[in-house]
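These protein sequences, in sequence, are chains A and B. All residue numbers for the first sequence refer to the numbering used here, where the first residue is 18 and numbers rise by one. All residue numbers for the second sequence refer to the numbering used here, where the first residue is 1188 and numbers rise by one. Every residue gets a Cβ at the ideal spot worked out from N, C-alpha and C, and that includes glycine.
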Amino acid sequence: MLNSIMKTKLFAWVDQRTGADAIIKSQLTEYAVPKNLNYMWNFGSLALLVLVLQILTGIFLAMYYKPSAAFTSGGYTVAFDSVERIMRDVNFGWLIRYMHAVGASAFFFVVYMHIGRGLYYGSYKGPRELLWIIGVVILLIMQGAAFFGYLLPWGQMSFWGATVITNLFGALPVIGEYLQQVLRGGFAVGDPTLNRFFSLHYLFPLLLAAIVGGHVHALHVVHSNNPEGIDVHNAEEKINFHPYYTVKDAFGVGVFLLFYCYIVFFNPQMGGFFIEVDNYVPANNLQTPPHIAPVWYLTPWYTILRSFPDKLLGVVAMGASLGILFLLPFLDRSKVRSSRYRPIFRQMVVLFFVTVIILGYCGHSAPTPTLKLVGQIATAYYFAFFILLLFLPKFEKTKPLPDHI
Amino acid sequence: MSEQVDQSKRNMLFGAAGLLGGVAALAAAVPFVGSMLPAADTLAASKTEFDVGTVESGQLVVIQWQGKPVFVVNRTKELLAQIDGHDEMLKDPESREIEAVSAAWMTDENRKYRAIKPEYLVVVASCTHLGCIPMYKATKGRKDWGDSVPEDWPGGWHCPCHGSLYDISARVINDSPAPHNLHLMPYKYTGETSVVIG
Ligand code: FES
């Protein structure tokens, strides 16, 4: 079908002025991809889909959302009421808001799967170091965007989450207090904070879209890794992205939408995992809810923060736990990429996934001494994983790599 | 392998998938476009109650209905007398040209008043040219208004934007850029002087 479009006169006219023919060929119809990618490789295109969904639904929500902490005659605030108005009065407002809120969780789920695949199959290794680093930048911007967005409904969780996180920055020496005031626009989270978070929540996805462009471009320069983790040179080992992987990605989109729509329509709050119950209580700066925890996708890092008795140390550890991802391509110097041929790494990385889930569980639950200990052990392994990678090549006996896929 | 591809079958599958995808995309557009239509609370605010008895005789007040301005005038005997005698100056003296300028309750006798009770005129205050709010210049002639109005001014409204003129029944005067008389909106009396607009 694309072929016949590309033979039309109109296309020739556009091509002369844009070079569209060469772009389509080099990026789609003649862009060679290893033929053995498994379904774990679907999550990249899914992430792109969710990003588009988030931007689209966000634009429509912004037509009705009002970022103001001013009180209304009903005793609530303008922001809180505007969200409730979206839920009750705006046509399909409930649907668009649930799509957006569920989309945030879906985005992180998809991206965490994508990152996990990169870890397991060694996609971060040369020549894809920069591709990985751009990906980590994307993760950080996503977390920022999610954090800013979470303040907007101006509920109890919004308010106290923002209070806690902005206080984190206050823990930094020298610049801490200054930084905190820059973020808050005042001495506590309030109306100015809400306004600037809305502005930034609108800005970050634009950054994201641009950097995702860079991520895809970098991918198309170094090409996809594959489950075997070996370089593919033979033409018989590759197939063109279009139509083969566009069709496979489209199938993945269908499966994804099935789950996404089920959650949006039947279980949008996911028992308080996707939209926390406390956030239906309007923000009250004089009363903290009894149990406060971030949304599930931020809880692993929250546990790392809580695992240290010293405030500054906790903040630094949390920063380091994300920052160390940048260094991963340089810490792991084994020549073999895929876990399939690295027996010890395979166990380590699976344990790492389990650890992150445990960290997430601990961060989501109310703190108890046992959970605290579990969290500390998990935190220790989280960092140990990266440090051990440094020494792993010295004693790991890798399996022989196949010649071709 | 490529020799054995059944192109027509493949095209049929592409077409079917594309068609269904297009239907799905259209369906997905429904909530988004729908969300931009007036929300339920906006629709609920579509009626306005007003007590026309609060308007002093000879005076005009501007009230809001669905966010639009509405003129309510308490027309004295003198003002009502100004309605007659200049039909040849009007584009549509009988208010028949379009539906928006007439109403079901209009009879041949009260047509010229354009009001259920002649003394209270209730009309949409947007100039039918491009929507400005005309200025109330009720008295006859140039005595009060200077040369902003014509010499044979019957009294009524003068639009500041592009100079449209309306008489005291809000009927547009010849040579104005505005095409029609000021629009009427549905309203009814629920008491002696209480009116529900919308
Ligand atoms: S808007 Fe009144 S004359 Fe143009």
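Ordered along the chain, which non-local residues of its own chain (more than five positions away) have a Cβ less than 8 Å from that of residue i?
{"i": "L225/A", "result": "L68, I155, I158, M159 and A162"}
{"i": "F97/A", "result": "P170, W171, G172, P299 and A300"}
{"i": "D1331/B", "result": "K1324"}
{"i": "T393/A", "result": "The residue asked about is misnamed: residue 393/A is Gln in this sequence, not Thr. For Q393/A, where only same-chain residues beyond five positions count, the Cβ hits under 8 Å are S324."}
{"i": "H1370/B", "result": "A1287, V1288, V1310, V1311, S1313 and T1315"}
Report whether the distance from the Cβ of residue i to the nearest heavy atom of the ligand FES is below 7 Å.
{"i": "L1317/B", "result": "yes"}
{"i": "P1364/B", "result": "yes"}
{"i": "C278/A", "result": "no"}
{"i": "G1350/B", "result": "yes"}
Since residue i sits in a beta bridge, which residues does DSSP pair it with?
{"i": "L1247/B", "result": "V1260/B"}
{"i": "P299/A", "result": "G172/A"}
{"i": "W1344/B", "result": "Y1323/B and Y1353/B"}
{"i": "S1381/B", "result": "D1238/B"}
{"i": "N257/A", "result": "A49/A"}
{"i": "T94/A", "result": "F88/A"}
{"i": "W1252/B", "result": "K1255/B"}
{"i": "L223/A", "result": "L223/A pairs with nothing; no bridge assigned."}
{"i": "V1309/B", "result": "V1259/B"}
{"i": "L406/A", "result": "DSSP output for L406/A lists no bridge partner at all."}
{"i": "I1360/B", "result": "L1277/B"}
Please confirm whether residue i has its beta-carbon closer than 8 Å to some beta-carbon of chain B.
{"i": "G110/A", "result": "yes"}
{"i": "F77/A", "result": "yes"}
{"i": "M174/A", "result": "no"}
{"i": "I280/A", "result": "no"}
{"i": "M104/A", "result": "no"}
{"i": "I394/A", "result": "no"}
{"i": "V107/A", "result": "yes"}
{"i": "I113/A", "result": "yes"}
{"i": "M23/A", "result": "no"}
{"i": "M18/A", "result": "yes"}
{"i": "M130/A", "result": "no"}
{"i": "M80/A", "result": "yes"}
{"i": "E253/A", "result": "no"}
Nearest chain A C-beta to residue i closer than 8 Å, yes or no?
{"i": "D1228/B", "result": "yes"}
{"i": "M1223/B", "result": "yes"}
{"i": "F1258/B", "result": "no"}
{"i": "F1219/B", "result": "yes"}
{"i": "F1201/B", "result": "yes"}
Going straight from the alpha carbon of residue i to that of residue j, what length do you get?
{"i": "H308/A", "j": "M130/A", "result": "29 Å"}
{"i": "Y1353/B", "j": "I1360/B", "result": "5 Å"}
{"i": "A1214/B", "j": "A334/A", "result": "47 Å"}
{"i": "V281/A", "j": "Y115/A", "result": "6 Å"}
{"i": "F28/A", "j": "I256/A", "result": "25 Å"}
{"i": "S21/A", "j": "S338/A", "result": "50 Å"}
{"i": "L19/A", "j": "G135/A", "result": "31 Å"}
{"i": "L345/A", "j": "F400/A", "result": "11 Å"}
{"i": "L1287/B", "j": "D266/A", "result": "Just to set this straight, residue 1287/B is Ala in the shown sequence, not Leu. Approximately 54 Å, taken between the alpha carbons."}
{"i": "L407/A", "j": "P417/A", "result": "21 Å"}
{"i": "P285/A", "j": "E101/A", "result": "15 Å"}
{"i": "R1197/B", "j": "M23/A", "result": "18 Å"}
{"i": "D32/A", "j": "A123/A", "result": "37 Å"}
{"i": "V270/A", "j": "F109/A", "result": "23 Å"}
{"i": "F290/A", "j": "F125/A", "result": "13 Å"}
{"i": "T305/A", "j": "S175/A", "result": "11 Å"}
{"i": "P1337/B", "j": "E1265/B", "result": "20 Å"}
{"i": "V1242/B", "j": "E1306/B", "result": "11 Å"}
{"i": "I1270/B", "j": "A1227/B", "result": "41 Å"}
{"i": "W313/A", "j": "C278/A", "result": "20 Å"}
{"i": "K274/A", "j": "L73/A", "result": "Just to set this straight, residue 274/A is Leu in the shown sequence, not Lys. Between L274/A and L73/A, the C-alpha separation is close to 16 Å."}
{"i": "S241/A", "j": "G133/A", "result": "15 Å"}
{"i": "D1334/B", "j": "R1262/B", "result": "24 Å"}
{"i": "H232/A", "j": "G202/A", "result": "33 Å"}
{"i": "N243/A", "j": "V272/A", "result": "22 Å"}
Excluding five sequence neighbours on each side, which residues of the same chain lie with their C-beta closer than 6 Å to the C-beta of residue i?
{"i": "Y398/A", "result": "T372"}
{"i": "I1320/B", "result": "P1256 and A1312"}
{"i": "F258/A", "result": "L45, Y48 and V50"}
{"i": "M1188/B", "result": "Low local confidence applies: a pLDDT of 48 at M1188/B is under 50, so the model's placement there is unreliable, and no value is given."}
{"i": "E293/A", "result": "M174"}
If I measure Cβ to Cβ from residue i and keep anything under 7 Å in the same chain, skipping five residues before and after, which residues do I get?
{"i": "F164/A", "result": "I182"}
{"i": "T1235/B", "result": "I1250, Q1251, W1252, I1384 and G1385"}
Given 7 Å as the limit, tell me if residue i has its C-beta closer than that to any heavy atom belonging to the ligand MN.
{"i": "L344/A", "result": "As presented, the structure is devoid of the ligand MN, carrying the ligand FES as its sole ligands."}
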